[in-house]
């Protein structure tokens, strides 16, 4: 059980994530349009949602993967921020009344509540645009790498293989019973695709070889599933305070979740088993993978 | 008055636009996700809006500019389609109830009326993603050109210098009196930016030199303004049948338009004067510019 014997001390991934967050926030601050520049309302809405206290898990994963394969953090930062912009755009649009109708996220009013629907739609639209623009303009990377990253990110964000497809299938599934298989397909698209893109983009910037890219893709696919299972479990078990959003909302919306389909105990068991798969995928990588193991451990044991 | 003596016969730009439309539609058909592939509702919505009978003016301008500077049509087609996807995404989102609340476009129900708001939001989101993906994956262009095109398109689509900024300022202006200067700023961002990007992208693919790129940018900036003035005039003077949407809507929404601010006669005069500027910008280009003159003529005299 190498995944357990080599597990890092709990403080290690937390320290890494915390350092990532500081650097990512500073880079986002630099990349995003200023609030005092018109259109002020949209720029304020963009910053309201981007700087809402997110954990920066996806960009941190990009930094961790890039670092594992030898890329310097400063070279990875713009792409990591682009990924976080795509993630934030999807949250803003998913929260809209015609979608998931969420009024609270990370303990604060969602974008369309704090501003208005039109502004929230435009803020999300602009964030997607700025994400691709950030990579296209990133002079720290070769044009070859930039088009690879844009292609990865677009595939993970769009349809039929990405986030938009997952959100569409999720909305469609709300009105009927969903099988465990359909549930995993929804989450593969809605959540795992962007997590996989994060890991692959880090590896691509660091010019990892084909075998390494395959291994990191498997790692991230398991990690994405683990992330979703623990997310669903937290919706059942956490308090509103620790979660920053209304818990129990999935159940009330009769959303397809792991605890709803399998029960809480079996969902917890599934999380531990997926965590083992996640770490096992790293065994073929002949690089120091403590950071990536630490992130998997962090996701398994997270409280928010 | 070289712009008048060298004006093409009216049939020439029409034939070119018609041929462009056929080739662009075939390429869009190839690039967009299939309706029978899940999520079917979103894919149907994408195709509903993309194949709604648009004139393909922006992608045709990209083809015309590229052709003027010597690029083959087949090399220009994917970027031209990416541009049309960005345009269509903006129409879908602008039509939403919280934005311009339009139920009819090109004589058919708008996307959120035909489907639903969530589907329309996702269809627009996905179209933006596929646009950037199309350019990033375009193996007919070097990676250097691809990142240039993505950067151009993103700047024209986003904020503070593009379409999202224009739409935000337009919404903000609805509740108050707007000066002629503010009106031109809104249209520069909301309409002209993407028209300028179309012309510049064609020139970039064809590797036009710096002076040519400057001239074509000036041409397209005037053309964008001309397009908006004739668009506003058509809203006042055209019938619902020729327009494919409800005319007079701008006036009822108390939108800032050229006829509203200057009156119909003065707006028509302004259109003719801007048309002269548009053609004058071509005089420094030592290439056959009949096609680009023809397009300006077409925009000045269009009936829909």
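Chains as they are written, first to last, in our numbering: chain E, 1 to 304; chain L, 1001 to 1304. Every residue gets a Cβ at the ideal spot worked out from N, C-alpha and C, and that includes glycine.
{"Query": "Residue from L:1017, L:1048, L:1022 with nearest C-alpha to residue 1032 of chain L", "Result": "L:1048"}
{"Query": "Heavy atom of the ligand SAM within 6 Å of residue 1130 of chain L beta-carbon", "Result": "In the structure shown, the ligand SAM is absent, as is every other ligand, since no ligand is present at all."}
{"Query": "Under 7 Å by beta carbon: chain L residues contacting residue 174 of chain E", "Result": "The premise fails here: residue 174 of chain E is roughly 10 Å from chain L at the closest Cβ pair, so nothing lies under 7 Å."}
{"Query": "Simplified DSSP assignment, three categories, for residue 143 of chain E", "Result": "helix"}
{"Query": "Nearest residue (CA-CA) to residue 265 of chain E, options E:284, E:288, E:278, E:229", "Result": "E:229"}
{"Query": "Between the CA atoms of residue 268 of chain E and residue 154 of chain E - distance to the nearest angstrom", "Result": "32 Å"}
{"Query": "Residue 1109 of chain L beta carbon less than 7 Å from that of residue 1084 of chain L", "Result": "no"}
{"Query": "Which of helix, strand or coil DSSP assigns to residue 1287 of chain L", "Result": "coil"}
{"Query": "Buried versus exposed call for residue 160 of chain E [16 or more other C-beta atoms within 10 Å across all chains shown]", "Result": "buried"}
{"Query": "Length of the line joining the Cα atoms of residue 1015 of chain L and residue 1294 of chain L", "Result": "10 Å"}
{"Query": "Through-space distance from residue 30 of chain E to residue 363 of chain E, alpha-carbon basis", "Result": "Here chain E covers residues 1 to 304 and nothing more, so residue 363 of chain E does not appear."}
{"Query": "Interface residues of chain L facing residue 129 of chain E [CB-CB closer than 8 Å]", "Result": "1128, 1154, 1157, 1158, 1159, 1162, 1164"}
{"Query": "Cα-Cα separation between residue 144 of chain E and residue 1144 of chain L, rounded to whole angstroms", "Result": "8 Å"}
{"Query": "Residue from L:1231, L:1205, L:1043, L:1238 with nearest C-alpha to residue 1062 of chain L", "Result": "L:1205"}
{"Query": "Straight-line gap, residue 2 of chain E to residue 280 of chain E (C-alpha atoms, nearest Å)", "Result": "The pLDDT assigned to residue 2 of chain E is 41, lower than 50, so where the model puts this residue is not dependable; a value taken from the coordinates is nonetheless given after this. Computed Cα separation, rounded: 8 Å."}
{"Query": "Identity of the residues DSSP links to residue 1104 of chain L by a beta bridge", "Result": "L:1109"}
{"Query": "Chain E within 7 Å of residue 1050 of chain L, Cβ atoms only", "Result": "no"}
{"Query": "Sequence-distant residues of its chain with Cβ nearer than 7 Å to residue 221 of chain E (five each side left out)", "Result": "192, 196"}
{"Query": "Where residue 1095 of chain L meets chain E, residues with beta-carbon distance less than 9 Å", "Result": "Per Cβ cutoff of 9 Å: no residues; residue 1095 of chain L is ~11 Å from chain E at best."}
{"Query": "Where the alpha helix (DSSP H) through residue 160 of chain E begins and ends", "Result": "Per DSSP, residue 160 of chain E belongs to no alpha helix (DSSP H) and is neither H nor E."}
{"Query": "Where residue 57 of chain E sits in the DSSP three-state scheme", "Result": "helix"}
{"Query": "Any C-beta of chain E under 7 Å from that of residue 1108 of chain L", "Result": "no"}
{"Query": "Candidates L:1235, L:1073, L:1068, of which the one nearest residue 1021 of chain L by Cα", "Result": "L:1073"}
{"Query": "Within 7 Å, strictly: CB atoms of residue 141 of chain E and residue 201 of chain E", "Result": "no"}
{"Query": "Among E:211, E:186, E:180, E:99, nearest to residue 69 of chain E - alpha-carbon criterion", "Result": "E:211"}
{"Query": "Listed by chain order, chain L residues near residue 150 of chain E by CB distance under 7 Å", "Result": "1132, 1136, 1150"}
{"Query": "Test: residue 1100 of chain L CB closer than 7 Å to a CB of chain E", "Result": "no"}
{"Query": "Three-state secondary structure assigned by DSSP to residue 257 of chain E", "Result": "coil"}
{"Query": "Span of the alpha helix (DSSP H) around residue 188 of chain E", "Result": "From DSSP, residue 188 of chain E is part of no alpha helix (DSSP H); its letter is neither H nor E."}
{"Query": "Residue-level contact to chain E via CB, residue 1078 of chain L, 7 Å cutoff", "Result": "no"}
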